[in-house]
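For reference, the structure discussed in these notes is given below.
Number of protein chains: 2
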Amino acid sequence: MRSSESDLTTRARIRDAAVLRFGRDGFDATTVRGVAAEAGVSPGLVIHHFGSKDGLRAACDEFVVAEFLGRKDDLGGDTAAALARWLADVDTYRPLIDYVARMLTAGNDAADALFDALVAGTAKMVDEQVEAGVIREPLDREVTALYLTMYGVVPLVMQRQLARGLGLEQLSEPGLRRSTVPILDLYTHGLYADDRFLVAAQDALGRTPGPRSDKGKNDPNQDPDPPTAP
Amino acid sequence: MRSSESDLTTRARIRDAAVLRFGRDGFDATTVRGVAAEAGVSPGLVIHHFGSKDGLRAACDEFVVAEFLGRKDDLGGDTAAALARWLADVDTYRPLIDYVARMLTAGNDAADALFDALVAGTAKMVDEQVEAGVIREPLDREVTALYLTMYGVVPLVMQRQLARGLGLEQLSEPGLRRSTVPILDLYTHGLYADDRFLVAAQDALGRTPGPRSDKGKNDPNQDPDPPTAP
DNA sequence: CAGTAGCTTAAACGACTGTTCAATCGTTGT
DNA sequence: ACAACGATTGAACAGTCGTTTAAGCTACTG
């Protein structure tokens, strides 16, 4: 995904064309013939190099993940930094971003491995920064790291809706810039003015699923995040 | 999506079968023949009732969205409550949940309309609860509502990864229960121990994109959420 | 009872799909 | 120069897809 045109192996050109198409249109909607046309070769050559369409997908998975994790195989490294690096330059990395976004909602083994690496990276970061006093001690580090990871990648997965919500044609760096401060504000001061919801949930869930939840329950104000269920 | 078997119009049975298949396997991977088999009818009948596979999708979109927004067409209503209601009883609503999750990453007009309704509902809730003093005044209500909406639906969109991260086969009510308190903790106390990141970002972005960002920039600790870009 | 309108089916059509295959081209090694 | 081998192509194959069509079935209306 660097040189714009030739001076690349034909195999690499096909792979790049596939990353582009898979990311832009999705795996099912992309045809071998389409990839071949994008790469300027015949359909048969695509199969010759990758065995099958699924083999092509596997090669793309491997390439994009390696590109994303920066080729250093020490998982749990700087995944968040890599994500930020990509998003800071969304126009050049768009094909890779789109591909990763598709992967994260795909549901195959490669996608699972990628997500696990992201969660591991976030968990490592949480541990380090809690140690350093930058982050509060979360009530549940594991679950917190899991949700922080999901919150971190959801702008990729839902980039269409995010761009529309920001009033943009497509995701762009200035658009994302507008998000930075409000999100840091949320992560710094939280959303709620006090801890009444938290206390209510702790009261209701702390004991074995009991009856009396006379406070957290049917107050008209529901929060927009995952459920509570008395 | 209520009665388990018959006493339903054939058209409704086909529609329910389609919601199930579209949600479980995705639109492209679902065949008209598969929907017909699921509903116990012939493929031709599916087309007879809905005109085309895309017509079937449109009917499913309309049905699921109506079911989700509770049939009250006053958009911006209790969408968060509806979401919580579904997730509190994830096993019975799984087909609808899966379908909505697919919609939100689909990229058609119906999906856009659904997401807009969700954002509108969240924005309304933010306004009300800020008024009531339950929620702090966010720095940017619009962007905050947008991200709160995405954070609210990401457990649906990434339910596979969420379930895996929680150590479950598939999303279940007890699993989600474990998430409640840590998330409320995040929304109550925030993540960071102090406001150094927020202040740094405000310093860097407050003025016109200037040079001097001697603090917020290259500190080794990146946060897992969308980018910052000096 | 006759007739008509809609529900339903089985079979087929045409367009696409991933993949195969034989043949050609270009390069390299000897 | 020749042989050998991988790269590459165009055409073809078999399968699946969405959709069409003609015919049968059911149920209600006159």
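First to last, the protein sequences are chains A and B. For the first sequence, the residue numbers in my numbering are 1 to 230. For the second sequence, the residue numbers in my numbering are 1001 to 1230. Quick reminder that beta carbons are idealized off the backbone N, C-alpha and C, glycines included.
At a cut-off of 7 Å, the C-beta of I1097 (chain B) has no neighbouring C-beta in chain A.
A direct Cα-to-Cα measurement between K53 (chain A) and Y99 (chain A) gives close to 16 Å. The beta carbon of Q202 (chain A) sits closer than 7 Å to some beta carbon of chain B. At a cut-off of 7 Å between beta-carbon atoms, G190 (chain A) makes contact with chain B. For R21 (chain A), the number of other beta carbons within 10 angstroms of its own is at least 16, and it is reported as buried. Under the three-state reduction of DSSP, Y192 (chain A) is assigned to strand. The residue among B:P1182, B:Y1147 and B:A1193 with its C-alpha nearest the C-alpha of T180 (chain A) is B:Y1147. Close partners of F1115 (chain B) in chain A (Cβ separation under 7 Å): Q161.
DSSP places L1114 (chain B) in the uninterrupted alpha helix (DSSP H) bounded by D1109 to E1131. With respect to chain B, the C-beta atom of P182 (chain A) has a partner C-beta closer than 7 Å. Taking 7 Å as the cut-off, the beta carbon of A145 (chain A) is found closer than this to the beta carbon of V126 (chain A).
Taking a Cβ-Cβ threshold of 8 Å, the residues of chain A close to A1029 (chain B) are D28, in chain order. By alpha-carbon distance to D1195 (chain B), the top candidate from A:A201, A:D203, A:D185 and A:A200 is A:D185.
The C-beta distance from V157 (chain A) to M1103 (chain B) rounds to 13 Å, too long to fall under 8 Å, and the pair is not in contact.
For the options A:R57, A:L96 and A:T188, the alpha carbon positioned closest to that of L69 (chain A) is the one of A:L96.
Against chain A, the CB of V1154 (chain B) has a partner CB under 7 Å away; the residue lies at that interface. Taking 7 Å as the cut-off, the Cβ atoms of V1154 (chain B) and V154 (chain A) count as close. Put simply, of A:G23, A:A29, A:A201 and A:V35 the residue whose alpha carbon is nearest the alpha carbon of Y93 (chain A) is A:G23.
The distance from the Cβ of V90 (chain A) to that of C60 (chain A) is about 20 Å, inconsistent with a contact at the 8 Å cut-off. Taking 7 Å as the upper bound on Cβ-Cβ separation, chain B lies near residues Q129, G133, V134, I135, R136, P138, L139, D140, V143 and T144 of the segment 126-145 of chain A. I1135 (chain B) is bridged by DSSP to A:Y192. Flagged as an interface residue toward chain A: L1198 (chain B), by a C-beta distance shorter than 7 Å. If you check the CB distance, G1107 (chain B) and R160 (chain A) come in under 7 Å.
The beta carbon of S1052 (chain B) sits no closer than 7 Å to any beta carbon of chain A.
Y1192 (chain B) places its beta carbon 7 Å or farther from that of I183 (chain A). Residue-level contact by beta carbon fails for D1091 (chain B) and chain A, as no gap is shorter than 7 Å. Interface flag for M103 (chain A) against chain B is unset, since no Cβ pair is found closer than 7 Å.
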